[in-house]
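Here numbering that gives the first Met the number 0 is used: the first residue of the sequence shown is 0, the next is one more, and so on.
Note that beta-carbon positions come from the ideal geometry of N, C-alpha and C, so glycine has one too.
Treat the numbers as computed from the prediction; the structure is a model and nothing was measured.
I have placed the structure first, in the form of structure tokens, so that the comments after it can refer back to it.
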Amino acid sequence: MQFKASTDYGIRAILYLAAQGTTCSSRDIAEDMSIPRDYLIQLAQLLRNAGIIEARPGKHGGYRLAKDPSDISVLDVMNALEEDSRQQTRERRADRKGGEMVEEVKLAYDLIGECFDAFMASLTMDSLLDCVENKGGSRAYLSNRLQEEARRLMNA
Numbered sequence: 000m001q002f003k004a005s006t007d008y009g010i011r012a013i014l015y016l017a018a019q020g021t022t023c024s025s026r027d028i029a030e031d032m033s034i035p036r037d038y039l040i041q042l043a044q045l046l047r048n049a050g051i052i053e054a055r056p057g058k059h060g061g062y063r064l065a066k067d068p069s070d071i072s073v074l075d076v077m078n079a080l081e082e083d084s085r086q087q088t089r090e091r092r093a094d095r096k097g098g099e100m101v102e103e104v105k106l107a108y109d110l111i112g113e114c115f116d117a118f119m120a121s122l123t124m125d126s127l128l129d130c131v132e133n134k135g136g137s138r139a140y141l142s143n144r145l146q147e148e149a150r151r152l153m154n155a
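See the structure below:
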């Protein structure tokens, strides 16, 4: 799976801030994470509006996380950066009419979306950093997250 550029860059920036644990300049983030600086500044505005990061102006300013990394999920970042396009897709889908088979396909597609959202919500920036530190066990870690999320959904 490949994320949209905005999501990819946003996740990189948030993971960088989580790993650094301090205020970082847009220049440092852009250079270290290979993100065009002007684009990073646009994305940072959306992330700030969503309450994920804080911006500090001035000579020693920059960006820092507004929450603990364990309280920021991949889904939070995705929603902050993609909400407009998701809303447009929902509206277009709601306007379409179709027969019984079309409605069943829409339900199946909605189920895929719910599963995707649930899993992405279970992946926090903190857990992803832990996962990459334990490179040999990253697949096992993700497998465990899937199992835990499946159990949670069954009990919900």
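- For methionine 77, same chain residues with a beta-carbon under 7 Å away, outside a window of 5 residues either side, are Thr6 and Met119 in chain order.
- Under DSSP, glycine 61 takes part in a beta bridge, and its partners are Arg55.
- In its chain, beyond the 5 residues on either side, Ile13, Leu14, Ala17, Pro68 and Ile71 have a beta carbon closer than 7 Å to the beta carbon of methionine 124.
- The Cβ neighbour count for leucine 110, taken over all protein chains shown within 10 Å, is under 16; the residue is labelled exposed.
- DSSP lists Ser72 as the bridge partner or partners of threonine 123.
- Taking every protein chain shown into account, the CB of alanine 79 has 16 or more other CB atoms within 10 angstroms, so this residue is buried.
- Around tyrosine 140, the same chain offers Cys130 as residues with beta carbons nearer than 6 Å, after the five sequence neighbours per side are excluded.
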